[in-house]
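Sequential numbering from 9 applies to the sequence shown in this note's numbering. The beta carbon of each residue, even a glycine, is placed where N, CA and C say it ideally should be. Worksheet for the structure shown next.
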Amino acid sequence: MSDIDPRPRPQYGEYATPEEQRARIAQPDATDALSSGVAPQAGMHDASQPRGGSAPFPAEPATSAVARPTRMADRVITLALLAYGLVTVLVAAPQMLDVGAFAQTMFQTLGVDAQLADPESGRGWGVAAATALAGGWVLTAWLSWRSLAARRLTWWIPLVGGILFNFVSGTLMVIPIMNDPAAWEALQRTVSG
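Listed below in structure tokens is the structure:
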């Protein structure tokens, strides 16, 4: 009998026999284990499966979600922005319900000598602004919570939510002032110079 291997001679080293391969990678023979009625060791790759490297390693569990790192700074910043937003809602929403006082404070801050002719006519706009601000915070907190639970980068959600819903509520608060011709004209005169 001849020891002629039909395979070409490898460029580096020699071909290892299956026994030498198993000894090198320290895995039991799956065929021997199955013939004796014992299942192969769980968590280890079968010796017949192709893979790179020579060291044994546990099989990766079949998971649908990719493990993402926990970002402590992201959580802290997100929660701080949400807390700041909640304080803003709790302070601003009650003030928005009194459109007359809101307009008067704004006129005094800007140095405008004007008053709303009918402050009660803007109450609906104040309620809409307060509702938009509070609802926006709730939506932002819910989206942030879901994003944090999924371990995604989240700090930007309360930031964008705060900017967006403050803009919406601010626009709703300016509408009653724009609807009062005398107050709007006085505001434009002061702002333009």
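Whole-angstrom distance between residue j and residue i, CA atom to CA atom
i    : j    : result
L161 : P26  : 48 Å
P184 : T78  : 47 Å
I171 : F110 : 20 Å
R83  : L156 : 7 Å
A149 : T113 : 30 Å
G119 : V95  : 27 Å
T117 : T86  : 32 Å
F115 : A100 : 17 Å
S200 : A122 : 15 Å
W153 : F173 : 18 Å
I139 : L89  : In the sequence on display, residue 139 carries Thr and not Ile. So the alpha carbons of these two residues sit roughly 20 Å apart.
R30  : G169 : 58 Å
W163 : G130 : 35 Å
F175 : A190 : 24 Å
R197 : M80  : 50 Å
P102 : G132 : 13 Å
Close-in-space but distant-in-sequence residues of the same chain around residue i (CB under 6 Å, 5 per side omitted)
i    : result
D188 : L124 and A125
G134 : M104, L105 and V107
M186 : W192
A137 : M104, S177, L180 and M181
A63  : Reliability of the predicted coordinates at A63 is poor, the pLDDT of 49 falling under 50, and no value is obtained from them.
P127 : V107 and G108
For residue i, the first and last residue of its enclosing alpha helix (DSSP H)
i    : result
A100 : M80 to L105
T179 : W164 to N187
Secondary structure of residue i, DSSP reduced to three states
i    : result
I33  : helix
T198 : helix
T25  : coil
A149 : helix
G119 : coil
A158 : coil
Q112 : helix
A138 : helix
P14  : coil
T190 : This sequence places Ala at residue 190; Thr is not what is there. Note: A190 maps to helix in three-state DSSP.
Nonlocal neighbours in the same chain, by C-beta distance under 8 Å from residue i, ignoring five residues either side
i    : result
V97  : L141, A142 and W145
Q19  : none
L195 : F115, L118, V120, A122 and I185
Beta-carbon proximity list for residue i, same chain, < 7 Å, skipping 5 on both sides
i    : result
P166 : T86, L89, L90, G93, T148 and S152
E28  : none
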